[in-house]
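Contents: one structure, followed by commentary.
In the numbering used here, the protein residues as written are 58 to 281.
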């Protein structure tokens, strides 16, 4: 197992397309729910314990070898917003391109063939992690971290927020990220015996509503 591969996969400069998405932060800023570093921290905490937990469990389950088709269907069921489903698949398609170039594998090739328009990003992340020799905890950490690092980086641009404040938020969330990753892996390990219903289905209704609203904007800085 190579920890260096985890650093590559989680690096914001890895060409997986995440820089074009705000994780719901742009809609939250527009709606006045994020106006400062304190508001961003609350937003990231909520996102970590909902979208982050679900993504972490899906990614961990994919590393453990759960059938990607089942996981993709489970991801669909946990994503009511059509706009978020579309964003997740676009991100999955971009991540697939980067992962196949970095860690060529038959599993990635098969996933790309089965989902030409892209599987959900956490599922692709897990299969990519498996190809890179990572374990379920690595994938869970990567997915959970992405769920908060994306909005934090986006809000620096949206509000001209001090990047030191944004980084401080991520550092303060670290203990909670640990707990979310542990819970995600625990749920993923139950899938073998209980099926995909064992995966968490934590929801953030405002994220879903905000995504649909954001998708109607004629002008926006981020894709989602």
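By construction, the Cβ of each residue, glycine as well, lies at the ideal position given by its N, Cα and C atoms.
Span of the alpha helix (DSSP H) around residue i
| i | result |
| --- | --- |
| residue 215 | 193 to 216 |
| residue 235 | 231 to 251 |
| residue 99 | 94 to 104 |
| residue 70 | No alpha helix (DSSP H) holds residue 70; DSSP gives it neither H nor E. |
| residue 85 | 82 to 87 |
Simplified DSSP state of residue i, which is helix, strand or coil
| i | result |
| --- | --- |
| residue 124 | coil |
| residue 274 | coil |
| residue 162 | coil |
| residue 174 | coil |
| residue 75 | helix |
| residue 149 | helix |
| residue 226 | helix |
| residue 156 | helix |
| residue 107 | helix |
| residue 189 | coil |
| residue 267 | helix |
| residue 261 | coil |
| residue 133 | helix |
| residue 254 | helix |
| residue 142 | helix |
| residue 169 | helix |
| residue 114 | helix |
| residue 119 | helix |
Short Cβ contact (8 Å threshold) for residue i with residue j
| i | j | result |
| --- | --- | --- |
| residue 157 | residue 169 | yes |
| residue 121 | residue 246 | yes |
| residue 86 | residue 210 | no |
| residue 132 | residue 179 | yes |
| residue 214 | residue 263 | no |
| residue 248 | residue 123 | yes |
| residue 227 | residue 206 | yes |
| residue 234 | residue 201 | yes |
| residue 259 | residue 128 | no |
| residue 143 | residue 153 | no |
| residue 282 | residue 251 | In the structure displayed, the chain extends from 58 to 281; residue 282 sits before or after that span and is not available. |
| residue 126 | residue 171 | yes |
| residue 167 | residue 146 | no |
| residue 244 | residue 256 | yes |
| residue 148 | residue 237 | no |
Residue-chain proximity (residue i, chain C), Cβ-Cβ < 8 Å
| i | result |
| --- | --- |
| residue 130 | No chain C appears in this structure, which consists of one protein chain only. |
Three CB pairs or more closer than 8 Å across the segment 180 to 193 and the segment 60 to 67: Yes: the two stretches touch, three or more of their Cβ pairs being nearer than 8 Å.
Cβ pair count under 8 Å reaching 3, the segment 191 to 209 against the segment 112 to 120: Short answer: they touch.
Segment contact, 8 Å Cβ cut-off, at least three pairs: the segment 63 to 83 with the segment 263 to 280: Contact annotation: the segment 63 to 83 touches the segment 263 to 280, with at least three C-beta pairs closer than 8 Å.
At least 3 beta-carbon pairs within less than 8 Å: the segment 222 to 233 vs the segment 97 to 112: Because the criterion of three Cβ pairs below 8 Å is met, the segment 222 to 233 and the segment 97 to 112 touch.
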